[in-house]
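Remarks on the structure that follows.
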Amino acid sequence: MKKTILISFIALVALTIIYCLQKEFIFALALWSIYGTVLSVFVYFSFYKSTEDREEQ
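Number 5 in the UniProt record's numbering belongs to position 5 of the sequence shown; there are no gaps in the numbering.
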């Protein structure tokens with residue numbers, strides 16, 4: 001899981017650099033907002049599942 005997040009973060013940074021070099025700052029901001037939303041939803045559900053597993057024990 002950590003490896004996947006790290007790879008996606010590196011890809012996001014690379015895309016951000018490319019968009020900023022092309023002066024497409026709106027697209028770079030959109031990428032970060034989409035990434036942040038997806039990552040926060042992913043973290044929320046993984047936390048929810050871990051607390052659910054603890055309650056079953």
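Ideal Cβ placement from N, Cα and C applies to all residues, glycine included.
Quantities reported herein were computed from a predicted structural model and do not represent experimental measurements.
With distances taken from CA atoms, which of the options is nearest residue i?
{"i": "tyrosine 35", "options": "Lys49, Lys23 and Ala11", "result": "Ala11"}
{"i": "isoleucine 7", "options": "Gln22, Phe45, Leu39 and Phe25", "result": "Leu39"}
Could you pull out every residue in the same chain whose Cβ sits closer than 7 Å to the Cβ of residue i, ignoring the five residues on either side in sequence?
{"i": "valine 13", "result": "none"}
My guess is that residue i and residue j are in contact by the Cβ rule of under 8 Å, so how many angstroms apart are they, rounded?
{"i": "cysteine 20", "j": "alanine 30", "result": "Not a contact, Cβ separation roughly 13 Å."}
{"i": "tryptophan 32", "j": "threonine 16", "result": "7 Å"}
So, for residue i: in the same chain, excluding its five sequence neighbours on each side, which residues have a beta-carbon less than 8 Å away from its beta-carbon?
{"i": "glutamate 24", "result": "none"}
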